[in-house]
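*Asks:* The numbering of the sequence shown is our numbering, which starts it at 979 and goes up by one. Just so you know, even glycine gets a beta-carbon here, dropped at the ideal spot from N, CA and C.
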Amino acid sequence: MQNDVYDYTQTAGAVQKNTVLRKTYGLLGISFIPCAIGAFLGSQAGINLYAMFGNRWIAFGVVLAFFYGMCALIEKNRYSNTGAALLMVFTFGMGVLISPLLQYGFSFSNGAQIVGLAAAMTAAVFFTMAAVARRTKADMNSLGRFLLVGAVVLMVGVVVNMFLQMPAFSLALSAAFVIFSSLMIMWQIRTVIDGGETSHISAALTIFISVYNIFSSLLNILLSLSGED
979 MQNDVYDYTQ
989 TAGAVQKNTV
999 LRKTYGLLGI
1009 SFIPCAIGAF
1019 LGSQAGINLY
1029 AMFGNRWIAF
1039 GVVLAFFYGM
1049 CALIEKNRYS
1059 NTGAALLMVF
1069 TFGMGVLISP
1079 LLQYGFSFSN
1089 GAQIVGLAAA
1099 MTAAVFFTMA
1109 AVARRTKADM
1119 NSLGRFLLVG
1129 AVVLMVGVVV
1139 NMFLQMPAFS
1149 LALSAAFVIF
1159 SSLMIMWQIR
1169 TVIDGGETSH
1179 ISAALTIFIS
1189 VYNIFSSLLN
1199 ILLSLSGED
């Protein structure tokens, strides 16, 4: 005689994954509030690290120290409220860092439309990749290895661009960041769905950085193609 046994373990696992994903989206949404505040205050104060330090390499080093230092602290506290608080500090700082690009964008005659278009395109990319992540059957392990190599290549490209300062290369680098970050969003969301990521703080951090990179890269591309000096 066959017994009908309900698999409560499987259901509990699915509920836990859904909870992590729901918390990830919630924390991600909240994280853009301090980012927007940082961008606004940075624009009002006219903060520009490159002008502040008078040397682009020193400014670049400060940005890297802040970025990787905060990411390390957040990951160290990925299961505590401290990690969530640090994430808010991080997003605020990233908002301040993007303020010079926004100031430059708004200086264009159609700057508001360009910034709005970049934001709309970024939202479209995010929702598209989130939807793809729920349905994809791609091997996430292989994609993860590809993204790891891609991250190294992009970082080398950023350093090379600091030397070359070539508009064409900068555009190509921005396009590469859009593609890379889009795939990163899909990979991170799929990893949460598959149970490979159990910290909504870590997941929100990865997705925030990806969305941030997509927006700044698209804005850079649109401004470059606008035809204004």
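Within the chosen definition, does the region 1025-1042 reach the region 1195-1202 through at least 3 CB pairs nearer than 8 angstroms?
*Replies:* no
*Asks:* Do you know whose CA, among F1147, F1105, V1067 and Q1091, lies nearest S1188's CA?
*Replies:* One-based indexing of the sequence shown puts residue 1188 at position 210. That would be F1105, whose Cα lies nearest to the Cα of S1188.
*Asks:* Might you give, ordered along the chain, the residues of its own chain that have their beta carbon closer than 8 angstroms to the beta carbon of V998, omitting 5 neighbours on each side?
*Replies:* Locating residue 998 in the sequence shown gives position 20, where the first residue counts as 1. So the qualifying residues of the chain are V1170, E1175, T1176, S1177, H1178 and A1181.
*Asks:* By the three-class DSSP mapping on this structure, what secondary structure does R1056 have?
*Replies:* For the purposes of this step, residue 1056 is taken as residue 78 along the sequence shown, with counting starting at 1. Three-state DSSP puts R1056 in coil, outside helix and strand.
*Asks:* Once the 5 residues before and after C1013 are set aside, which same chain residues still bring their CB inside 7 angstroms of it?
*Replies:* Locating residue 1013 in the sequence shown gives position 35, counting from the first residue. T1069, F1070, M1072 and G1073, listed in sequence order.
*Asks:* Could you tell me which of G1039, L1005 and A1154 sits nearest to R1056, measuring between CA atoms?
*Replies:* On the sequence shown, residue 1056 is found 78 positions in, with the first residue counted as 1. Comparing Cα-Cα distances from R1056 to each of G1039, L1005 and A1154, the minimum goes to L1005.
*Asks:* Please work out which residues of its chain come closer than 6 angstroms, Cβ to Cβ, to M1048, disregarding the five sequence neighbours upstream and downstream, and give them in chain order.
*Replies:* Mapped onto the sequence shown, residue 1048 falls at position 70. In the same chain as M1048, and ignoring 5 residues on each side of it, the C-beta atoms closer than 6 angstroms to its own belong to F1068, in chain order.
*Asks:* Reducing DSSP to helix, strand and coil, say where F1143 ends up.
*Replies:* For the purposes of this step, residue 1143 is taken as the residue at position 165 of the sequence shown. The question names Phe, but residue 1143 in the sequence shown is Gln. Of the three classes helix, strand and coil, the one that applies to Q1143 here is coil, per DSSP.
*Asks:* In three-state DSSP terms, what is I1192?
*Replies:* If you number the sequence shown from 1, residue 1192 lands on position 214. Helix, per DSSP.
*Asks:* Leaving out five residues on either side along the sequence, give the residues of the same chain with a beta carbon under 6 angstroms from the beta carbon of D982.
*Replies:* Taking the sequence shown and counting its residues from 1, the one referred to as residue 982 is at position 4. For D982, the pLDDT reaches just 44, beneath the cut-off of 50, and the residue's location in the model is therefore unreliable, although a value from the coordinates is still provided. There are no such residues.
*Asks:* Could you check whether L1121 and L1183 sit closer than 8 angstroms to each other, using their CB atoms as the reference points?
*Replies:* On the sequence shown, residue 1183 is found 205 positions in, with the first residue counted as 1. On the sequence shown, residue 1121 is found 143 positions in, with the first residue counted as 1. Not in contact: L1183 and L1121 (Cβ atoms no closer than 8 angstroms).
*Asks:* Can you find the residues in the same chain that come closer than 7 angstroms, C-beta to C-beta, to S1009, ignoring five residues on each side of it along the sequence?
*Replies:* Position 31 of the sequence shown, counted from the start, is the residue given in the question as residue 1009. So the list reads L1065, M1066, T1069, A1182 and F1186, once near-sequence residues are dropped.
*Asks:* Apply the 10 Å Cβ neighbour rule to T987 and answer buried if 16 or more other Cβ atoms are within range, or exposed otherwise.
*Replies:* The count along the sequence shown starts at 1 and reaches residue 987 at position 9. In this prediction, T987 scores a pLDDT of 42, lower than 50, which makes its location untrustworthy; the coordinate-derived value is nonetheless stated afterwards. Classification of T987: exposed, given that the 10 Å Cβ count is below 16.
*Asks:* Could you say which of L1080, V1131, I1157 and V1134 lies nearest to A1017 if we only look at CA atoms?
*Replies:* Position 39 of the sequence shown, counting from 1, holds the residue named residue 1017. Checked all of L1080, V1131, I1157 and V1134; the closest Cα to A1017 is L1080.
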